[in-house]
Amino acid sequence: MDDYRTHVEIDLGAIRRNAEAIKAYTGKRLIAVVKADAYGHGVVPVTEALRSVADMFAVATIEEGVALRQAGIREPMLVLFSTFPEQAAQIVEYELTPTIADWEFAYRINEIASKPVHVHININTGMNRSGMRWTEVTQFLNRLETLNRLEVSGLFTHLATADEADKRYVSVQLERFSSVLENISDGGELIHAANSAATLAVPESHFGAVRPGLSLYGIYPASEKPIVLEPALTWKTRIGWVGSISEAEGVSYGLTYKASHPTRVAMIQVGYGDGYPRALSNIGEVLIGGTRHPIIGRVCMDVSVVELEPTDNVSVGDEVVLIGKQGDAEITVDELAHRAGTISYEILTQIGKRVKRIFKY
Ligand SMILES: *Cc1c(COP(=O)(O)O)cnc(C)c1O
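Here this note's numbering is used: position 7 in the sequence shown is 16, and no number is missing along the way.
Set out below in structure tokens:
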């Protein structure tokens with residue numbers, strides 16, 4: 010492990026415990042969202058760790074679903090954004106559960122399939138980025154009955170504002186969703202609406218299953234924290250160089266930081282080419298020796314620079330924590346996202362390919 014310039018440590022036990030806590034809290038089935046490489050955590054190990062807890066997995070794209078099938082994951086796999094009719098053959102071949110919101114795609118799948126294909130219907134109740142408008146669903150379902158190899162095994166919607174304190178629009182969406190459900194005779198479908206925010210804050214959105222992503226990884230999407238979640242990811246790098254500069258000397262591209270006194274500085278081996286946001290230039294903080302140290306100057310592609318205290322006893326190779334705990338100190342994903350002017354989701358999914366994932370089982 011000592012030769013990584015930067016790596017993340019993923020606590021798979023924490024992810025499994027988070028999933029168990031969510032299941033116990035909701036008492037519903039769990040559709041574990043593992044899109045975007047399990048929010049940057051590493052999708053195959055995460056999915057394997059959740060096998061015993063999750064009732065179904067959800068990915069964003071057909072490619073993600075196929076990759077999991079090729080890795081030997083046989084569990085039910087919902088593809089949240091499957092839209093191109095050309096991909097119908099892969100849905101059938103890899104036994105993925107597509108999201109249906111239009112006739113053409115449904116028709117193509119039915120044409121190709123030689124045995125029943127489970128599908129979920131995406132109902133647009135006001136998020137307005139995908140799905141079939143709620144007022145048209147009942148009629149569409151009737152038409153779908155003519156496609157005899159398609160089996161509608163799920164109905165879902167997605168909430169636009171569940172992470173906001175004002176839940177009025179959530180109620181509007183849930184009422185629209187319920188108006189569709191009232192017209193459906195068959196009770197066999199899996200009904201789901203709750204992302205992490207709704208899972209933690211809107212019990213009436215739980216229906217038959219919840220569909221959380223972020224919270225599985227131990228991050229809260231909003232202020233509501235009814236259960237304890239453990240962050241699963243620690244991001245580390247190592248010191249690559251230590252130097253001293255005089256008063257008024259600058260650091261890194263553009264010399265945007267100017268030393269106000271003679272200062273010791275250290276280069277750390279992480280940059281925006283690893284997904285460490287350039288927005289943290291002169292704003293970020295990292296942990297060295299259990300205390301916070303500021304990023305000075307611009308974050309570069311491969312490295313960044315931090316200011317050292319005169320008392321710091323550091324050398325090349327020492328551990329630096331970017332996200333996570335070191336001694337009594339901690340930098341959370343939320344803090345880092347806030348400083349960089351973004352959200353935890355973006356920080357996690359931008360952690361780059363050069364950052365080695367190390368799994369703790
Ligand atoms: C990403 C996604 C989720 C999970 O959202 P979180 O906020 O990470 O819990 C659930 N449903 C859909 C349709 C999504 O796109």
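Don't be surprised by glycine CBs; every beta carbon is placed ideally from N, CA and C.
Here the structure is a predicted model, which means the values were calculated and not measured.
- CA-to-CA, the gap between Lys44 and Gly140 works out to about 18 Å.
- Every beta strand (DSSP E) of 3 residues or more that sits fully in the stretch 141 to 172 is shown, in chain order, as 159 to 165.
- With a minimum length of 3 residues, the unbroken runs of beta strand (DSSP E) contained wholly in the stretch 20 to 61 fall at 38 to 42.
- Counting the other Cβ atoms within 10 Å of the Cβ of Ser313 gives 16 or more, which makes it buried.
- Here Ala174 is exposed, its C-beta having fewer than 16 other C-beta atoms within 10 Å.
- Following the DSSP letters along the chain, one finds His215 in no alpha helix (DSSP H), marked with neither H nor E.
- The bridge partners DSSP lists for Met276 are Trp250 and Val314.
- If you check the CB distance, Val274 and Gly249 do not come in under 7 Å.
- CA-CA distance, Ala171 to Glu213, rounds to 12 Å.
- Nearest to Ile356 by C-alpha distance, out of Gln99, Leu89, Leu223 and Tyr34, is Leu223.
- Beta-bridge partners assigned by DSSP to His302: Val295.
- Bounds of the alpha helix (DSSP H) holding His347 are Val342 to Ala349.
- Between the stretch 143 to 154 and the stretch 181 to 201 there are three or more inter-stretch CB-CB distances shorter than 8 Å, so the stretches are counted as touching.
- Pro107 carries a strand assignment under DSSP once its states are collapsed to helix, strand and coil.
- A Cβ-Cβ contact shorter than 7 Å links Glu18 with Ile367.
- By the Cβ-count criterion, Pro107 is buried, with 16 or more other Cβ atoms from all chains shown falling within 10 Å of its own Cβ.
- Counting only the Cα atoms, Val75 lies some 11 Å from Ala69.
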